[in-house]
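Peer 1:
In my numbering, the protein residues as written are 643 to 1196.
#1: Could you pull the DSSP bridge partners for residue 966 from this structure?
#2: Please report the straight-line C-alpha distance between residue 1099 and residue 693, rounded to a whole angstrom.
#3: Might you give, ordered along the chain, the residues of its own chain that have their beta carbon closer than 8 Å to the beta carbon of residue 748, omitting 5 neighbours on each side?
#4: Can you tell me which of 959, 1006, 888 and 752 puts its alpha carbon nearest to the alpha carbon of residue 1090?
#5: Given a cut-off of 7 Å on the beta-carbon distance, is the pair residue 1120 and residue 1012 in contact?
#6: Per DSSP, residue 678 forms a beta bridge with which residues?
#7: Please classify residue 760 as buried or exposed, where buried requires at least 16 other C-beta atoms within 10 Å of its C-beta.
#8: In three-state DSSP terms, what is residue 761?
#9: Run through the region 1096-1174 for me and flag every whole alpha helix (DSSP H) of 4 or more residues, listed as ranges in chain order.
#10: If you count every other CB in all the chains shown that lies within 10 Å of the CB of residue 648, and 16 or more means buried, which is it?
#11: Give me, in chain order, the residues of the same chain whose beta-carbon lies closer than 7 Å to that of residue 1199; leave out the 5 immediate sequence neighbours on both sides.
#12: Which residue comes first and which comes last in the beta strand (DSSP E) that contains residue 751?
#13: For residue 631, does the three-state DSSP call read helix, strand or coil?
#14: Assuming residue 1035 contacts residue 1002 (C-beta within less than 8 Å), just tell me the rounded distance between them.
#15: By how many angstroms is the C-alpha of residue 682 removed from the C-alpha of residue 711?
#16: Who are the near neighbours of residue 784 in its chain, counting only those whose CB is closer than 8 Å to its CB and skipping five residues on each side?
#17: Determine the closest residue to residue 1156 out of 969, 857 and 948, with distance taken between C-alpha atoms.
#18: Residue 839 by DSSP, collapsed to three states: which one?
#19: Which of helix, strand or coil does DSSP assign to residue 1004?
#20: What does the alpha-carbon distance come out to for the pair residue 1132 and residue 867?
#21: Anyone know if the C-beta pair for residue 865 and residue 1164 falls short of 7 Å?
#22: Helix, strand or coil for residue 1183 per DSSP?
#23: Spatial neighbours of residue 911 within its chain, please: C-beta separation below 6 Å, excluding the five flanking residues on both sides.
#24: Which of helix, strand or coil does DSSP assign to residue 728?
#25: Could you tell me the distance, in whole angstroms, from the CA atom of residue 746 to the CA atom of residue 1020?
#26: Roughly how many whole angstroms lie between the Cα atoms of residue 1070 and residue 908?
#27: I'd like to check one pair, residue 1149 with residue 1123: are the Cβ atoms closer than 7 Å?
#28: With residue 810 as the anchor, note down where its alpha helix (DSSP H) starts and where it stops.
#29: Just grab the DSSP bridge partners of residue 832 for me.
#30: Residue 879 bridges to which residues according to DSSP?
#31: Throw me the rounded Cβ distance for the residue 754 and residue 804 pair, which I believe falls under 8 Å.
#32: According to DSSP, what are the bridge partners of residue 723?
#33: Taking residue 1011 as part of the alpha helix (DSSP H), name the residues at either end of that continuous run.
#34: In its own chain, which residues sit with a C-beta less than 8 Å from the C-beta of residue 1167, not counting the 5 before and 5 after it?
#35: Starting from the N-terminal side, write out each stretch of the alpha helix (DSSP H) that is 4 residues or longer and does not extend beyond the region 886-938.
#36: Verify whether the separation of the beta carbon atoms of residue 928 and residue 886 is less than 7 Å.
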């Protein structure tokens, strides 16, 4: 019996054992014509050389190097988490949207925060004026967080929070809400983005300089590994790198370079790689070039497996696995003919599924114009559900594995991304590359080339530079209450009047002393949150110790 046959038989045996715990979602998988669909397709009748190449590059699903997926049965066991991104206005308004999406069949929550929250300001701060609730929900205190999740049991949902510089504060608020619901930390499941390096590179919602920011991140790693074991402590994001204009190759390369920096920082802190690496997660974009996007996900998975096993010496197979959430490409959406965006999002979502994503958000048709209406959000969710339940693409693991074109693209993306990673290593790593402006410049150049191609007509964008329609009707848009800033200021004044100011000052003073030392800051932040210290007050204490980041001009 060949090595291939031995390994394939072993894979089948292990898969059958795992199915005793997680059974497949249907008794039989067949096409509409009654043709049986196997769990996995492999080159069983191929020659020995081809089979050896298959094992080296692809392997089997759920096995190193995870090219074909990190779970043995992938979506035959269960679908990806359908996690629509939502958040606007007040906590009460967003709570209603959360409940609406859960009623429509969404299986996980994903929270968008407004700009003041993202950069550590309360809703009544002068810097927040005109921005409260505009691009996400306004959260300034534990009271807001309690209202955001009112009636939503935190032990029965997983929650993703797109928050970076003040991620430790929002995580502390979430933990405190769980405590008030009677849900112990050990049962909380979800993700905080907590990826500050890409903020310096592509997005801009940073507060502190890189060194103290990395301290906060590793504090979260250490705290959660001990107290919140089911929490994904970081979602290392290529999404915003791609939104800023990068290529698919750059998205993989810069994301994994940032991930290497986080792992190295934690290891340098004295953490064992296998204690925190299994809870690392990633966040990628899905754009329109269908096969390139599928190959991008496969290449990223294989590259990360090699990096973790060979570079960091991780022993736990879960440390090798690249688990990722995908969001369809916001920058690909057009304000012109917004219904066309439904088609774009469908193509992108299908690429994410065929690429093996664990979680997916589908953008709404009107997001180039405003925050999505309920109707638009429902269509976006239905897009995922139709792919899952009607298309058949989830009935076999990695249906495009072995495609000459897909495997070529996978190899090329891996090769080109590795060249970037090696160049960044030569600079001293991702933090140094950020400080030198290298990633930023590479993204700017890629964005410029794309824009020139669109403006010249070389790259066609339907409805924008081709197939245009004059005098098209404008859709009904969601609008945030223009008086929200004033309302929030009144609510914060009431909060401050009703809490114990002595307790707040005591906890903030303890946090400042800890920030000046070397203690893990999470327990101190959690103590401050519990007595209703606000996000802005906590971040101001950290600003007073760490300072604020001011980018250089390259």
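Just so it is clear, CB atoms sit at the ideal spot from N, CA and C, and this is done for glycine as well.
Peer 2: Once the coordinates are examined:
#1: 924
#2: 44 Å
#3: 724, 725, 726 and 1023
#4: 888
#5: A contact, by the Cβ cut-off of 7 Å.
#6: 672
#7: When all chains shown are included, residue 760 counts as buried.
#8: coil
#9: 1126-1140, 1143-1158 and 1164-1172
#10: exposed
#11: Because the chain in this structure spans residues 643 to 1196, residue 1199 falls outside the shown range and cannot be described.
#12: 751-754
#13: With the chain represented from 643 up to 1196, any question about residue 631 goes unanswered, as that position is not in the structure.
#14: Their Cβ separation, rounded to whole angstroms, is 13 Å, which puts residue 1035 and residue 1002 out of contact at 8 Å.
#15: 11 Å
#16: 815, 818, 819, 1171, 1172 and 1174
#17: 857
#18: helix
#19: coil
#20: The alpha-carbon atoms of residue 1132 and residue 867 are separated by roughly 38 Å.
#21: yes
#22: helix
#23: 860
#24: The answer is strand: DSSP assigns residue 728 an E or B state.
#25: If I take the Cα positions, the gap works out to 7 Å.
#26: 16 Å
#27: no
#28: 809-823
#29: Beta-bridge pairing links residue 832 to 801 and 873.
#30: 925
#31: 6 Å
#32: 1001
#33: Neither: residue 1011 is in no alpha helix (DSSP H) and is coded neither H nor E.
#34: 810, 811, 814, 1153 and 1180
#35: 890-910 and 915-918
#36: no
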